[in-house]
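Notes to accompany the following structure.
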Amino acid sequence: SKVGARGDIIRALSHRYFIMVRDNLLSGKYPKTTKPYNKDYLNWKIRNYGHAEPWFLAGDLFRNIQIYEKDGGRAVGIPKGKRAGGKSWLYEKGNQSKRYNARDISYYAYLNEYGSPSGKIPARPVFTPTLADFVRTEVDDILKKSSNRMFKRWEIR
302 SKVGARGDII RALSHRYFIM VRDNLLSGKY PKTTKPYNKD YLNWKIRNYG HAEPWFLAGD
362 LFRNIQIYEK DGGRAVGIPK GKRAGGKSWL YEKGNQSKRY NARDISYYAY LNEYGSPSGK
422 IPARPVFTPT LADFVRTEVD DILKKSSNRM FKRWEIR
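Everything in the sequence shown is counted per our numbering, starting at 302 for the first residue and increasing by one.
Structural data, given as structure tokens:
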């Protein structure tokens with residue numbers, strides 16, 4: 302059916318975008334800007350997690366990137382509702398203070414993508430530039446293939 306074919310295309314596109322986002326993070330293509338929040342945070346991250354990569358602390362952000370249903374369609378990102386499990390650069394690794402109320406992982410993803418309103422946390426976008434790449438390469442390719450199939454059906458025999 303047409304609805305089924307449309308659903309298949311949407312599923313395929315969302316899966317291809319999901320793979321691009323993860324590949325771009327793993328390869329270091331994005332984010333282009335890797336400026337840390339501040340020097341203390343950078344030192345804490347290296348001391349406790351052995352690296353200074355943005356978008357990676359204990360892996361919560363990366364592991365929670367998924368394809369999910371949203372507003373009657375599909376989305377690629379980090380859905381609301383998952384907590385970061387008490388990780389905070391305010392405390393040493395493993396020390397979960399009762400005062401620290403773990404934030405939703407999607408909040409950290411938002412801050413990484415867009416930065417903080419105050420400007421203290423720099424934007425280190427991954428989803429936005431990947432979407433631009435995706436539209437330029439993947440969507441154009443699919444539209445060309447679909448157009449070719451459609452024009453072949455219209456040929457007069």
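Glycine is no exception: its CB is placed at the ideal position from the N, C-alpha and C atoms.
Per-residue burial, residue i [other beta carbons within 10 Å of its own, 16 or more giving buried]
i       : result
Ala-410 : buried
Gly-378 : buried
Ile-249 : The chain is shown only over 302 to 458; residue 249 falls outside these bounds and no answer can be derived.
Glu-393 : Residue placement at Glu-393 is flagged as unreliable, the pLDDT there being 49, under the threshold of 50; a coordinate-derived value is accordingly withheld.
Thr-431 : buried
Start and end residues, alpha helix (DSSP H) containing residue i
i       : result
Ala-376 : Taken as a continuous stretch (DSSP letters only), Ala-376 belongs to no alpha helix (DSSP H), being part of the beta strand (DSSP E) at 374-378.
Tyr-461 : In the structure displayed, the chain extends from 302 to 458; residue 461 sits before or after that span and is not available.
Lys-371 : Careful: Lys-371 lies outside any alpha helix (DSSP H), inside the beta strand (DSSP E) at 367-371.
Thr-429 : 428-435
Asn-339 : It is not in any alpha helix (DSSP H) - Asn-339 carries neither H nor E in the DSSP assignment.
Alpha carbon of residue i to alpha carbon of residue j, nearest angstrom
i       : j       : result
Pro-423 : Phe-452 : 47 angstroms
Arg-425 : Ala-353 : 13 angstroms
Pro-380 : Tyr-369 : 7 angstroms
Lys-336 : Trp-345 : 14 angstroms
Arg-404 : Lys-421 : 18 angstroms
Asp-309 : Pro-355 : 34 angstroms
Arg-364 : Ser-448 : 36 angstroms
Arg-437 : Glu-414 : 20 angstroms
Where residue i falls: helix, strand or coil (DSSP)
i       : result
Ile-347 : helix
Arg-364 : helix
Residue i: CB within 7 angstroms of a non-hydrogen atom of the ligand MN
i       : result
Gly-308 : Annotation note on the ligand MN: not contained in the displayed structure, which lists no ligands.
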